[in-house]
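Below is one structure; the comments refer to it alone.
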Amino acid sequence: MSVVSPDPAPVPHDPQRRALLRWLVGGGALAGGLGVSAVAQGYRFGVTHEQWNLVGLTRPVRLALLTDLHYGLYIGAGSVRRWVDATLAECPDLILLGGDLVDSHFDAAARPQQTAALLAELGRLRAPLGVYAVWGNHDYGSFGRSISQSPEASRADWAARRDALRAGLAGQGVTVLLNEGRSLRDDLWLGGVDDLRMGEADSVAALRGSGTRATVLLAHNPDVLLRLRSAPGLVLSGHTHGGQVRLPLLGALKVPADPRFTMGWVRGPQGIPAYVSRGLGMSGLPVRNLCEPEITLLTLLPPGA
Numbered sequence: 130m131s132v133v134s135p136d137p138a139p140v141p142h143d144p145q146r147r148a149l150l151r152w153l154v155g156g157g158a159l160a161g162g163l164g165v166s167a168v169a170q171g172y173r174f175g176v177t178h179e180q181w182n183l184v185g186l187t188r189p190v191r192l193a194l195l196t197d198l199h200y201g202l203y204i205g206a207g208s209v210r211r212w213v214d215a216t217l218a219e220c221p222d223l224i225l226l227g228g229d230l231v232d233s234h235f236d237a238a239a240r241p242q243q244t245a246a247l248l249a250e251l252g253r254l255r256a257p258l259g260v261y262a263v264w265g266n267h268d269y270g271s272f273g274r275s276i277s278q279s280p281e282a283s284r285a286d287w288a289a290r291r292d293a294l295r296a297g298l299a300g301q302g303v304t305v306l307l308n309e310g311r312s313l314r315d316d317l318w319l320g321g322v323d324d325l326r327m328g329e330a331d332s333v334a335a336l337r338g339s340g341t342r343a344t345v346l347l348a349h350n351p352d353v354l355l356r357l358r359s360a361p362g363l364v365l366s367g368h369t370h371g372g373q374v375r376l377p378l379l380g381a382l383k384v385p386a387d388p389r390f391t392m393g394w395v396r397g398p399q400g401i402p403a404y405v406s407r408g409l410g411m412s413g414l415p416v417r418n419l420c421e422p423e424i425t426l427l428t429l430l431p432p433g434a
């Protein structure tokens, strides 16, 4: 004997319910679309062209600033290859890497093939005045260095791991500046400091010997502007990602530095100018919004030029 289920009772027409359902479906589609857009924005990038008159400079110099690559988590060798290609197409005189070359979740020692791929791509960077880098906080996280003051919070071999990556970069023609500087021309000095949070930044040591040359200080974290014990002509930084996710009218939702130094041209309390790059990679979540990744092509000019 078969049992036939009765037809369900008809649902009474409810305009408000239908409107709510339409809103929920439409809102879900919109949220999904925004999410896809935010992920896509994270992998697009542009070249930002800037100029600055630098005291002490006698002739122009064009430099490329690439920062916050965050290789290893959301960023692979293909992205780095595109960034390198775009940089070389600009034919800069000098190339600077502003820290966070690798993501803190990436273990360079445990993943030698991925590390070799990164080094091979960065090794393609060439410029007449050289290729220089500094460490960022994520680099130190990758080495196993903890921000905690407790000795057991960090790996015992974190310094050796840092030195190994530094040697690997040097083998590819990339010099990591660790509170030290270089005379690039008779009118130009480049200094680079250790990370402000995870290392021991020393701007005095980085600029020692600069004399009357124009001075550029490469520092991952723009908060170095609050602690400078020297007066460089220009500071170049990253770290903030420009906030990474920005909303119309509200701007950046979160900035891991003094909010005055979120991105672009800024000045520290001593009046020292700085350019803070939006960077190229992503941390936290693989998204960006209204904050395009950038390579900065900066033309430095003599005063009055």
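If you want the numbering used here, it's the position in the sequence shown, counting the first as 1, plus 129. Just so you know, even glycine gets a beta-carbon here, dropped at the ideal spot from N, CA and C.
Proximity winner among 169, 402, 319 and 220, relative to residue 424 (alpha-carbon distances): Start at 1 with the first residue of the sequence shown, and residue 424 comes out as number 295. Among 169, 402, 319 and 220, the Cα nearest to that of residue 424 belongs to 220.
Whole-angstrom distance between residue 408 and residue 197, CA atom to CA atom: One-based indexing of the sequence shown puts residue 197 at position 68. One-based indexing of the sequence shown puts residue 408 at position 279. Distance between the alpha carbons of residue 197 and residue 408 is about 5 Å.
Which of helix, strand or coil DSSP assigns to residue 360: Locating residue 360 in the sequence shown gives position 231, counting from the first residue. Look at residue 360 here: in three-state DSSP terms it is coil, with no helix or strand label.
Chain-order list of residues whose beta-carbon lies under 7 Å from that of residue 415 (same chain, five-residue window excluded): For this step, residue 415 is matched to residue 286 along the sequence shown. In the same chain as residue 415, and ignoring 5 residues on each side of it, the C-beta atoms closer than 7 Å to its own belong to 168, 171 and 203, in chain order.
Beta-carbon spacing of residue 403, residue 183 below 8 Å: The residue labelled residue 403 in the question sits at position 274 within the sequence shown. The residue labelled residue 183 in the question sits at position 54 within the sequence shown. Contact flag unset, no.
Residue 223 classed as buried or exposed, judged by whether at least 16 other C-beta atoms fall within 10 angstroms: One-based indexing of the sequence shown puts residue 223 at position 94. It counts as buried.
Option in 254, 386, 366 and 214 with minimal Cα separation from residue 264: Start at 1 with the first residue of the sequence shown, and residue 264 comes out as number 135. Answer by Cα proximity: 366.
Helix, strand or coil at residue 178 [DSSP, three-state]: By one-based count along the sequence shown, residue 178 stands at place 49. Strand at residue 178.
Nearest-angstrom Cα separation, counted from residue 317 out to residue 258: Along the sequence shown, one-based indexing puts residue 258 at 129. Along the sequence shown, one-based indexing puts residue 317 at 188. Near 10 Å, if we compare the C-alpha coordinates of residue 317 and residue 258.
Under the three-state DSSP convention, the category residue 415 falls into: On the sequence shown, residue 415 is found 286 positions in, with the first residue counted as 1. Coil.
Same chain only: Cβ atoms within 6 Å of residue 253, ignoring 5 sequence neighbours per side: Position 124 of the sequence shown, counting from 1, holds the residue named residue 253. For residue 253, where only same-chain residues beyond five positions count, the Cβ hits under 6 Å are 213.
Stretch-stretch touch, CB-based, cutoff 8 Å, three pairs: the region 333–343 with the region 287–301: The region 333–343 makes no contact with the region 287–301: fewer than 3 CB pairs, one atom from each, lie closer than 8 Å.
Ranges of the beta strand (DSSP E) found wholly within the region 233–263, counting only runs of at least 3: Entirely contained in the region 233–263, the beta strand (DSSP E) runs reaching 3 residues are, in chain order, 260–262.
Residue environment, residue 333, which counts as buried when at least 16 other CB atoms sit within 10 Å: Working through the sequence shown from its first residue, we reach residue 333 at position 204. Exposed.
Presumed contact (8 Å Cβ cut-off) between residue 201 and residue 235, rounded CB distance: Locating residue 201 in the sequence shown gives position 72, where the first residue counts as 1. Locating residue 235 in the sequence shown gives position 106, where the first residue counts as 1. About 3 Å; that satisfies the 8 Å criterion.
Coarse secondary structure for residue 351, derived from DSSP in three states: Along the sequence shown, one-based indexing puts residue 351 at 222. In this structure, residue 351 counts as helix in the three-state DSSP scheme.
Residues near residue 331 in its chain [Cβ-Cβ closer than 6 Å; skip 5 each side]: Here residue 331 corresponds to residue number 202 of the sequence shown, with the count starting at 1. These residues qualify, in order along the chain: 308.
Proximity winner among 313, 357, 248 and 326, relative to residue 303 (alpha-carbon distances): Position 174 of the sequence shown, counting from 1, holds the residue named residue 303. The shortest C-alpha separation from residue 303 is found at 248.
Backbone CA spacing between residue 417 and residue 434 [nearest angstrom]: Looking up residue 417 in the sequence shown gives position 288. Looking up residue 434 in the sequence shown gives position 305. Going by the C-alpha atoms only, they are around 37 Å apart.
Local Cβ density within 10 Å of residue 256, reported as buried at 16 or more and exposed below that: The count along the sequence shown starts at 1 and reaches residue 256 at position 127. When all chains shown are included, residue 256 counts as buried.
Whether residue 199 touches residue 412 by CB criterion (8 Å): Numbered from 1 along the sequence shown, position 70 holds the residue referred to as residue 199. Numbered from 1 along the sequence shown, position 283 holds the residue referred to as residue 412. Result yes, Cβ atoms of residue 199 and residue 412 sit closer than 8 Å.
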